[in-house]
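Residue numbers (my numbering), protein chains in the order written: chain A, 7 to 258; chain B, 8 to 379.
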């Protein structure tokens, strides 16, 4: 299996105090890779390191063998074009229509004729089921539509890796399930690798190929494997309880 | 990716591509591809994609564009041959998108007349809203004044500190400079008549009656009306105002009344300060011309009456209410979107300054008619 992301001896955190220590794992091409963990365990921080928003305290994040943090200028842009990120809130630009949001990276980074770019943007909207909403402003979209539009924008340049930060948060089960199907389809048909931060057990069951679980006190990965392996993990009671929705005595 | 390979087979032109068909390569190949199609004389054109090992949406869209061009050129038979099965869904989707007419969804743009009409309706609706809020605020103010215990005094004092005490340096700077510059400019022509000392009369009356209140009000509009609009606007966007409403707390009494009371009381105080500093600014010029400070003081004290001072201060009460109300109402009207708070802030300052100018004019006329 081809490794697309390699995290090596990463000390992750803001400033000099690491939230996660000595993390290493690989993400393989075409898989749906899930990062989970309780609140405050550093999931989002890890994601920020992976997408180059936060430099590692020490260690390396390699995207297809290249270190995003060491790259500058055009090199950095070239690596960034391999990844797409859909943020938790959608982070659509409010002053542009949904279509224009998707056209923005195309216009900035490709030299295709306008009609081709528009066709590509409409294709992405069709992929996420928003082909009737291209001319709406982000403020006119519902929460689920915003997330799907954000996913369409993340896909604009046909990246090989897409990062999703809590795609199911705040969505109803039906919308959440349709988003899961979409992710699964894209991974299967286009071979896109997905790295997803989520809490949603139903969604993990439906789409995950591999999972890593982070924990606050351990400051690192406490378990990894397929959903089945995680559910039957009896070595670590925290992992077992998390996946089987059990509440330990004394915990809320 | 290699360039186009052109060959003929059974009377058809065959175009072959090799390698990756992505956005970068598609844009490199496009011009040449269109040129080849334009030159094609055979009835059929076959795109051979056997050697294409990667294709993304940009590549698929590119193929559809070529197909379209071939159709326009009048090539009867256009076909895509030996496409890898994984890519065919992409090409199908690209074709669907190309055929669909999405532009029909584009919202209609208004004609010149329609857009004028819409602006007028918007302006009327907004004026109505402004008047409603003004009424609501006035009512809330009276209710609060009847039951002063219900007023949120802690908030009121906090606002008074931020809008009043913290504004002292800027008010001092502007007033001092206005007093100084005015005295200096007036002293030059007055000197020709040996009447420099009468500059004191000018400074005194101008600062106390007009400039002190006006400068203070404009500084407050820029500094505090904008802050009120931004605070309340952000609360509106974060649904904090909705939260207050469903808790049964009237947002007007909770947020707006303390701000208006604070602004109403600090504006006259700041104006007194502004008057004093402005007059001191004038004193610097006059004393530097060799007159003792006591003559400047006497000149002002004998010329400026208590009526002038109170007239100026009464105006300030009204200005204070206007500034705070403009800021709060504009903040309250904030809509959603990233630029909404920016728009409200701008409108708060503009509304504040316009109201100050209008009411200053009204006061001038009233004072003139009353002989004050």
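Glycine included, every Cβ here is placed at the ideal spot set by N, Cα and C.
{"Asked": "Residue 341 of chain B in three-state terms, based on DSSP", "Found": "coil"}
{"Asked": "CB of residue 203 of chain A within 8 Å of CB of residue 234 of chain A, strictly", "Found": "no"}
{"Asked": "Contact check, residue 123 of chain A vs residue 110 of chain A, beta carbons under 8 Å", "Found": "no"}
{"Asked": "N- and C-terminal bounds of the alpha helix (DSSP H) containing residue 30 of chain A", "Found": "Per DSSP, residue 30 of chain A belongs to no alpha helix (DSSP H); it is in the beta strand (DSSP E), 26 to 34."}
{"Asked": "Environment of residue 306 of chain B [buried if 16+ CB atoms lie within 10 Å]", "Found": "buried"}
{"Asked": "Chain A within 8 Å of residue 109 of chain B, Cβ atoms only", "Found": "yes"}
{"Asked": "Range of the contiguous beta strand (DSSP E) that encloses residue 84 of chain B", "Found": "84 to 88"}
{"Asked": "Where the stretch 12 to 37 of chain B meets chain A: residues whose CB sits under 9 Å from a CB there", "Found": "29, 30, 31, 33, 34, 35, 37"}
{"Asked": "Helix, strand or coil at residue 17 of chain B according to DSSP, with G and I counted as helix", "Found": "coil"}
{"Asked": "Beta-carbon contacts of residue 251 of chain A that lie in its chain and below 8 Å, excluding the five residues immediately before and after", "Found": "207"}
{"Asked": "Partners in chain C for residue 132 of chain A, counting only beta-carbon separations shorter than 8 Å", "Found": "Reference to chain C is not applicable here, since the protein chains of this structure are A and B."}
{"Asked": "Under the three-state DSSP convention, the category residue 169 of chain A falls into", "Found": "strand"}
{"Asked": "Top-ranked residue by Cα proximity to residue 195 of chain B, from B:184, B:296, B:185, B:290", "Found": "B:296"}
{"Asked": "Per-residue burial, residue 149 of chain B [other beta carbons within 10 Å of its own, 16 or more giving buried]", "Found": "exposed"}
{"Asked": "Buried versus exposed call for residue 243 of chain A [16 or more other C-beta atoms within 10 Å across all chains shown]", "Found": "exposed"}
{"Asked": "The stretch 68 to 88 of chain B in contact with the stretch 141 to 148 of chain A per 3-pair CB rule at 8 Å", "Found": "no"}
{"Asked": "Start-to-end residues for the beta strand (DSSP E) that takes in residue 199 of chain A", "Found": "199 to 203"}
{"Asked": "Residues near residue 248 of chain B by beta carbon distance below 8 Å, same chain, minus five either side", "Found": "239, 242, 258, 262, 339"}
{"Asked": "Residue ranges of each alpha helix (DSSP H) within the stretch 292 to 354 of chain B, 4 or longer", "Found": "300 to 310, 313 to 339"}
{"Asked": "Check whether residue 370 of chain B and residue 285 of chain B have beta carbons under 8 Å apart", "Found": "no"}
{"Asked": "Sequence ranges, alpha helix (DSSP H) only - wholly within the stretch 235 to 294 of chain B, length at least 4", "Found": "247 to 253"}
{"Asked": "Min CB distance residue 122 of chain B to chain A below 8 Å", "Found": "no"}
{"Asked": "Own chain partners of residue 232 of chain A with C-beta closer than 8 Å, once the 5 adjacent residues on each side are dropped", "Found": "214, 215, 216, 217"}
{"Asked": "Contacting residues, own chain, Cβ-Cβ under 7 Å from residue 167 of chain B (five flanking each side not counted)", "Found": "269, 272, 273"}
{"Asked": "Min CB distance residue 256 of chain A to chain B below 8 Å", "Found": "Because the pLDDT of residue 256 of chain A is 41, which lies under 50, any placement of that residue in the model is unreliable, and the number read from its coordinates should be weighed accordingly. So no, residue 256 of chain A is outside the interface."}
{"Asked": "Span separating the alpha-carbon of residue 349 of chain B from that of residue 223 of chain B", "Found": "23 Å"}
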